[in-house]
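Peer 1: Under the working numbering, the first residue of the sequence shown is numbered 53, with each subsequent residue one higher. I have a structure I would like to understand better, so I am pasting it below and will then ask my questions one at a time.
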Amino acid sequence: MHTNSASAASGQRLWLALAWCLAAVVAPATAMDAIDDDMAPIVVEPAKSATLQQLMTKLHSERLVYVGETHTAFADHRIQLQVLRSMAARPEGLALGVEWFQARFQPFLDDYIAGRSDEAEMLRKTEYYDRWRFDYRLYRPIMRFAREKRIPVIALNASKELTSAISRDGINGLPVAMREELPDSYDVNDHAYEKHLRETFAMHKVEESAFQRFVEVQLTWDESMAQRVAKYLDEHPGGRMLVLAGKGHIGGRHGIPNRVARRTGTDGKTIVRYTPNAAAFDQADFLLLADDEPLPPAGMLRVMLDERDEGVFIAGFGDASPAEGAGVKKGDRLLAINDIPIRHFVDVKLAMLDQPPGREVTVKLLRDPLIGGERTVELTVALAGAD
Numbered sequence: 053m054h055t056n057s058a059s060a061a062s063g064q065r066l067w068l069a070l071a072w073c074l075a076a077v078v079a080p081a082t083a084m085d086a087i088d089d090d091m092a093p094i095v096v097e098p099a100k101s102a103t104l105q106q107l108m109t110k111l112h113s114e115r116l117v118y119v120g121e122t123h124t125a126f127a128d129h130r131i132q133l134q135v136l137r138s139m140a141a142r143p144e145g146l147a148l149g150v151e152w153f154q155a156r157f158q159p160f161l162d163d164y165i166a167g168r169s170d171e172a173e174m175l176r177k178t179e180y181y182d183r184w185r186f187d188y189r190l191y192r193p194i195m196r197f198a199r200e201k202r203i204p205v206i207a208l209n210a211s212k213e214l215t216s217a218i219s220r221d222g223i224n225g226l227p228v229a230m231r232e233e234l235p236d237s238y239d240v241n242d243h244a245y246e247k248h249l250r251e252t253f254a255m256h257k258v259e260e261s262a263f264q265r266f267v268e269v270q271l272t273w274d275e276s277m278a279q280r281v282a283k284y285l286d287e288h289p290g291g292r293m294l295v296l297a298g299k300g301h302i303g304g305r306h307g308i309p310n311r312v313a314r315r316t317g318t319d320g321k322t323i324v325r326y327t328p329n330a331a332a333f334d335q336a337d338f339l340l341l342a343d344d345e346p347l348p349p350a351g352m353l354r355v356m357l358d359e360r361d362e363g364v365f366i367a368g369f370g371d372a373s374p375a376e377g378a379g380v381k382k383g384d385r386l387l388a389i390n391d392i393p394i395r396h397f398v399d400v401k402l403a404m405l406d407q408p409p410g411r412e413v414t415v416k417l418l419r420d421p422l423i424g425g426e427r428t429v430e431l432t433v434a435l436a437g438a439d
């Protein structure tokens with residue numbers, strides 16, 4: 053994107069919604085030698101910048117808004133929540149489309165939003181910790197707000213079973229039953245998209261023969277999510293949607309946005325939080341500047357777990373494990389944490405979800421009979437932090 057303060061020919065302006073005044077950044081003097089005639093700086097005038105609320109006022113009439121995320125960046129999710137709150141001021145027909153859940157689990161999201169199930173049941177039934185796995189505390193405020201306001205949450209993602217099969221055998225190798233999950237159409241003529249995928253693929257030490265399957269997986273992800281966004285807009289002519297997904301699916305419009313536009317004619321607007329390592333300023337219609345805030349640290353047992361048919365077992369320990377220090381032994385079966393029964397790995401994640409470093413938890417174990425006869429053991433463990 054070649055832009056300067058007098059570029060009337062392009063007819064485009066780059067808007068930045070700033071969370072604070074942007075200070076001028078001056079490149080080191082040694083970098084001056086690298087400047088050539090192709091350099092096209094972008095000029096930002098802090099005095100003319102907008103707040104996020106002003107941006108949302110500007111987007112008031114938009115049917116479709118995308119906000120990209122780096123999955124582990126808490127600041128990105130806080131921005132997403134603020135955008136959702138602003139759009140919810142006019143709640144009629146508003147839905148939230150998210151990458152975090154796979155479409156086959158839509159009924160369980162519906163139950164959660166309607167108040168027919170609680171958070172723990174929703175996370176279990178959507179298999180969140182097996183399929184998405186990121187710290188749910190990143191997404192919890194968004195999901196709780198949607199539930200409070202009864203905003204439908206639409207699961208956009210393709211199933212892990214489908215994408216894994218394509219990665220292994222390619223689309224042509226899919227069994228007939230699985231082909232029914234494929235999106236209705238693919239755009240394979242976006243050369244900028246393919247170039248980006250080629251660059252991403254090159255970062256992994258994988259045989260070149262796997263590239264076509266890699267492209268098919270990425271296309272299936274993006275086309276599947278775009279199809280579900282389009283379906284909601286088509287079925288709700290007066291409806292609106294906020295789409296939350298990874299920056300790679302939104303930036304530059306090559307992932308989801310262009311594929312929704314192909315199906316519906318609706319372009320929508322894209323928002324991404326700017327970071328110094330961003331590829332380019334034209335990755336979104338609006339770039340936001342905001343502090344990169346860490347998620348509060350989580351308490352840790354520092355144990356390695358093995359889930360079997362009989363339950364969850366202690367398979368080993370991390371460095372300076374507080375569990376090992378408290379007397380937990382390899383081979384113990386984990387029965388409960390703070391009286392929450394443990395039958396599967398997801399139960400451990402749920403029991404530990406709100407536990408900070410330093411807090412004491414009660415761990416109930418079934419000790420292996422080879423370690424002195426089968427018996428139940430209860431221990432108190434003071435949780436460690438990330439360090």
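Using N, Cα and C, we set each Cβ at its ideal position, and we do this for glycine too.
1) Quick check on the burial criterion: 16 or more other C-beta atoms within 10 angstroms. Buried or exposed for residue 403?
2) Can you have a look at residue 141 and say buried or exposed, based on whether 16 or more other CB atoms are within 10 angstroms of its CB?
3) Report all residues from its chain with a CB closer than 6 Å to the CB of residue 108; omit the five preceding and five following residues, and keep chain order.
4) Rounded to whole angstroms, what's the CA-CA distance from residue 268 to residue 230? Just pull it up for me.
5) For a test of the three-state rule: what should DSSP assign to residue 184, helix, strand or coil?
6) Name the DSSP beta bridge partners of residue 413, please?
7) For residue 362, which of helix, strand or coil comes out of DSSP?
8) Tell me the start and end of each unbroken alpha helix (DSSP H) in the region 270 to 338 that is at least 4 residues and wholly inside, in chain order.
9) Taking only the alpha-carbon atoms, compute the straight-line gap between residue 75 and residue 112 and give it to the nearest angstrom.
10) Could you have a look at residue 240 and say whether DSSP puts it in helix, strand or coil?
11) Using the three-state DSSP reduction, which class does residue 224 fall into: helix, strand or coil?
12) Counting along the chain, where does the alpha helix (DSSP H) carrying residue 234 start and finish?
13) Does residue 73 pass the burial test, meaning 16 or more other C-beta atoms within 10 Å, or should it be called exposed?
14) Strictly by DSSP, which residues pair up with residue 356?
15) Output yes or no for whether 9 Å exceeds the beta carbon distance between residue 233 and residue 249.
16) Which stretch, first to last residue, makes up the beta strand (DSSP E) that contains residue 190?
17) Using a threshold of 9 Å, state whether the C-beta atoms of residue 405 and residue 164 are closer than that.
18) Tell me, to the nearest whole angstrom, how far the beta carbon of residue 274 is from that of residue 308; I am working on the premise that it is less than 8 Å.
19) Going by the CB atoms, is the gap between residue 122 and residue 154 shorter than 9 Å?
20) Which residues in the same chain as residue 311 place their Cβ atom closer than 7 Å to its Cβ, once the five residues preceding and following it in sequence are excluded?
21) Less than 7 Å between C-beta atoms, sequence neighbours within five positions excluded: which residues of the same chain meet that for residue 176?
22) Any idea what DSSP makes of residue 121, helix, strand or coil?
23) Hey, quick one: how far does the beta strand (DSSP E) through residue 149 stretch, first residue to last?
24) Between the region 353 to 365 and the region 386 to 398, are three or more C-beta pairs nearer than 8 Å?
25) Quick one: give me the first and last residue of the beta strand (DSSP E) that residue 385 is part of.
26) Does DSSP put residue 135 in a helix, in a strand, or in coil?
27) Between residue 219 and the rest of its own chain, which residues show a CB-CB distance below 6 Å, the 5 nearest in sequence each way excluded?
28) Pull up the DSSP beta-bridge partners for residue 428, would you.
29) Taking the C-alpha atoms as reference points, what is the distance between residue 313 and residue 127?
30) Nearest to residue 207 by alpha carbon, out of 284, 224, 434?
Peer 2: On the basis of the data shown:
1) For this step, residue 403 is matched to residue 351 along the sequence shown. Residue 403 comes out buried.
2) If you number the sequence shown from 1, residue 141 lands on position 89. Its Cβ having fewer than 16 others within 10 Å, residue 141 is exposed.
3) Here the question's residue 108 lines up with position 56 in the sequence shown. Sequence-distant partners of residue 108 (beyond 5 residues in either direction) whose C-beta falls short of 6 Å from its own C-beta, in its chain, are 138.
4) Counting from one through the sequence shown, the residue named residue 268 turns up at place 216. Counting from one through the sequence shown, the residue named residue 230 turns up at place 178. Each residue's alpha carbon lies about 15 Å from the other.
5) Position 132 of the sequence shown, counted from the start, is the residue given in the question as residue 184. Judged by DSSP in its simplified three-state form, residue 184 adopts coil rather than helix or strand.
6) Along the sequence shown, one-based indexing puts residue 413 at 361. 433.
7) In the sequence shown, residue 362 corresponds to position 310, counting from 1. Residue 362 falls in the coil class under three-state DSSP.
8) Those alpha helix (DSSP H) runs which fall completely within the region 270 to 338 and span 4+ residues are 299 to 302, 309 to 316.
9) Within the sequence shown, residue 75 is the residue found at index 23, counting from 1. Within the sequence shown, residue 112 is the residue found at index 60, counting from 1. Its pLDDT being 38, under 50, residue 75 is placed unreliably in this model, and the value from its coordinates should be taken loosely. Those two C-alpha atoms are separated by around 29 Å.
10) In the sequence shown, the residue the question calls residue 240 occupies position 188. In this structure, residue 240 counts as coil in the three-state DSSP scheme.
11) Looking up residue 224 in the sequence shown gives position 172. Three-state DSSP puts residue 224 in a helix.
12) In the sequence shown, the residue the question calls residue 234 occupies position 182. Neither: residue 234 is in no alpha helix (DSSP H) and is coded neither H nor E.
13) As a position in the sequence shown, residue 73 is number 21, starting the count at 1. Residue placement at residue 73 cannot be trusted, given a pLDDT of 37 that sits under 50; the coordinates are not used to answer.
14) Here residue 356 corresponds to residue number 304 of the sequence shown, with the count starting at 1. In the DSSP assignment, residue 356 forms a beta bridge with 368.
15) Translated into the one-based positions of the sequence shown, residue 233 becomes position 181. Translated into the one-based positions of the sequence shown, residue 249 becomes position 197. Residue 233 is not a Cβ neighbour of residue 249, given a cutoff of 9 Å.
16) Translated into the one-based positions of the sequence shown, residue 190 becomes position 138. Where residue 190 is concerned, there is no enclosing beta strand (DSSP E), given that its DSSP letter is neither H nor E.
17) Taking the first residue of the sequence shown as 1, we reach residue 405 at position 353. Taking the first residue of the sequence shown as 1, we reach residue 164 at position 112. No; because the gap between Cβ atoms is not below 9 Å, this pair is not in contact.
18) Within the sequence shown, numbered from 1, the residue matching residue 274 stands at position 222. Within the sequence shown, numbered from 1, the residue matching residue 308 stands at position 256. That belief holds up - the Cβ atoms of residue 274 and residue 308 are roughly 6 Å apart, short of 8 Å.
19) The residue you call residue 154 lines up with position 102 of the sequence shown. The residue you call residue 122 lines up with position 70 of the sequence shown. No; because the gap between Cβ atoms is not below 9 Å, this pair is not in contact.
20) Position 259 of the sequence shown, counted from the start, is the residue given in the question as residue 311. Shown here for residue 311: same chain residues with a beta carbon closer than 7 Å to its own, the five before and five after excluded, namely 239, 274, 275, 278 in chain order.
21) Position 124 of the sequence shown, counted from the first residue, corresponds to residue 176. Around residue 176: 398.
22) Looking up residue 121 in the sequence shown gives position 69. Looking at residue 121 - three-state DSSP - the assignment turns out to be strand.
23) For this step, residue 149 is matched to residue 97 along the sequence shown. Element bounds for residue 149: 146 to 154.
24) Enough Cβ pairs lie closer than 8 Å, so yes.
25) The residue labelled residue 385 in the question sits at position 333 within the sequence shown. That run of the beta strand (DSSP E) goes 385 to 389.
26) Here residue 135 refers to the residue found at position 83 when the sequence shown is read from its first residue. The answer is helix: DSSP assigns residue 135 an H, G or I state.
27) Translated into positions along the sequence shown, residue 219 becomes position 167. The residues are 265, 269.
28) For this step, residue 428 is matched to residue 376 along the sequence shown. In the DSSP assignment, the residues bridged to residue 428 are 418.
29) One-based indexing of the sequence shown puts residue 313 at position 261. One-based indexing of the sequence shown puts residue 127 at position 75. Computed Cα separation, rounded: 28 Å.
30) The residue given as residue 207 occupies position 155 in the sequence shown. Out of 284, 224, 434, the CA that lies nearest to the CA of residue 207 is found in 284.
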